[in-house]
Amino acid sequence: MASGAITVAHDEGIEIPEQLAVIGFDNINFSHYTYPKLTTIDYPVAEIGQMAARWILKTVYQKPIEELKSLFTPELIVRNSTSSRG
5 MASGAITVAH DEGIEIPEQL AVIGFDNINF SHYTYPKLTT IDYPVAEIGQ
55 MAARWILKTV YQKPIEELKS LFTPELIVRN STSSRG
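Positions in the sequence shown are counted from 1; adding 4 to them yields the working numbering.
Below, the structure is given as structure tokens:
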């Protein structure tokens with residue numbers, strides 16, 4: 005969606021990031037290839053997947069399951085589709 009917003013902004017003559025800041029989600033690979041490069045939020049999907057897999061395997065093998073108390077912290081990856089104000 006963010007890349008679509010960038011495309012529409014360019015088509016409408018809106019300058020990014022001067023007039024419009026755009027932030028994507030999930031830090032997917034094409035974030036490096038948009039113009040301008042897309043600022044994005046990166047989630048630790050590998051960690052989340054590992055935790056989910058352990059929980060599923062314990063469930064399948066009827067092993068004790070501890071209460072899920074994991075906190076996953078996203079990271080802001082700043083690129084060129086945003087700028088600081090001030």
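The beta carbon of each residue, even a glycine, is placed where N, CA and C say it ideally should be.
Anyone know if the C-beta pair for S85 and I32 falls short of 8 Å? no
Residues in the same chain with beta-carbon distance under 6 Å from Y47, minus the five sequence neighbours each way, listed in chain order, please. P78
Is D30 helix, strand or coil by DSSP? coil
Contact under 8 Å by Cβ, V82 with T43: yes
Give the secondary structure of E19 by DSSP, where H, G and I count as helix, E and B as strand, and everything else as coil. coil
Is DSSP giving I69 helix, strand or coil here? coil
Simplified DSSP assignment, three categories, for T86: coil
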